[in-house]
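Novice:
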Amino acid sequence: MTPTITAFEASPDRGRGLARDTRIRWALEEVGQPYEVRLLSFAAMKEPAHLALHPFGQIPTYEEDGLVLFESGAIILHIAENHAGLLPEDAHARARAIAWMFAALNTVEPPIVEREATGYAERDKSWYEARLPLLDARIHTRLGELAARLGDASWLDGPFSAGDLMMVSVLQRLKSSPLLDKHPALKSYVARAEARPAFQRAFAAQLAVFEGRKEG
Ligand SMILES: N[C@@H](CCC(=O)N[C@@H](CSCc1ccc([N+](=O)[O-])cc1)C(=O)NCC(=O)O)C(=O)O
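Using full-length UniProt numbering, the letters of the sequence shown map in sequence onto residues 1 to 216.
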């Protein structure tokens, strides 16, 4: 059965692929699994029908054969565990790839999201100017540690995995800021992942939604 994911009807990221449906599309493209998309307005996301699928009224969700999942990390893990192509066969390598998924979501993404949130919500606060350098320093610390571990490897641990997919999805949030410029190895890492045909197809699909809205 073809899975169905949910995505923004009108994404605030204006086709830049930063909303979290893009990482689900990418995972499905990497394993060659066709999928359907249900587009939701912001209002529809908060109505009972969607809240029954996603307790926080967000996107993405994933539905397949009666299974309903939310949380992009859980959805990608489910896809990776049920298709070849995103997790190694070897048990230890598989566990390490999953660890990198958690590292992306739990260690690298939080300081990035906190800085974004500060930019949206605290720009008018007295502490804003003093706080930004602290937030940037936390991001640079993590990016420096990540770059040190990546070294001159193509991917974080052997072949491309769901761990790389999640880590690159997190790093893409920095593309509109100069923060990644100080970490050229990570910029190359992101570019290498974005050159993958599966990412290209996923990005084009979400862009088509945005462009369809413009024409629609
Ligand atoms: N932890 C959850 C987080 C899901 C989430 O944040 N969903 C967002 C969209 S992706 C996050 C996102 C939104 C916008 C941009 N952007 O660049 O405009 C980027 C990313 C959402 O539904 N927001 C609406 C709401 O909370 O009411 C997951 O990983 O699935």
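Where is the CB? At the ideal position from N, CA and C, for every residue including glycine. Predicted model, so just to flag it, every value in this text is computed and none were measured.
1) Would you report the Cα separation of A202 and E129, rounded to the nearest angstrom?
2) Quick one: Cα of A162 to Cα of A147, how far?
3) For E71, verify whether its CB is less than 6 Å away from any heavy atom of ligand 1.
4) Around the C-beta of Y120, are 16 or more other C-beta atoms found within 10 angstroms, so that it is buried, or is it exposed?
5) Label T2 either buried or exposed according to how many other C-beta atoms from any shown protein chain fall within 10 Å of its C-beta, with 16 as the threshold for buried.
6) What does V68 pair with, by DSSP beta-bridge criteria?
7) Skipping 5 residues on each side, what residues in its chain have a beta carbon closer than 6 Å to that of S169?
8) Select from L171, H50 and A44 the residue whose C-alpha is nearest the C-alpha of A10.
9) If contacts are defined as beta-carbon pairs under 8 Å, then T61 and I139 qualify, I think. What distance do you get, rounded to the angstrom?
10) By the 10 Å Cβ neighbour count, where 16 or more other Cβ atoms means buried, how is A52 classified, buried or exposed?
11) In this structure, does DSSP put T22 in helix, strand or coil?
12) List the DSSP bridge partners of A7.
Specialist: Once the coordinates are examined:
1) 37 Å
2) As the crow flies, the alpha-carbon of A162 is around 18 Å from that of A147.
3) yes
4) exposed
5) Exposed, by the Cβ-count rule.
6) E63
7) R23
8) A44
9) So it is not a contact: roughly 29 Å between Cβ atoms.
10) exposed
11) In the three-state reduction of the DSSP assignment, T22 falls in the helix class.
12) L39
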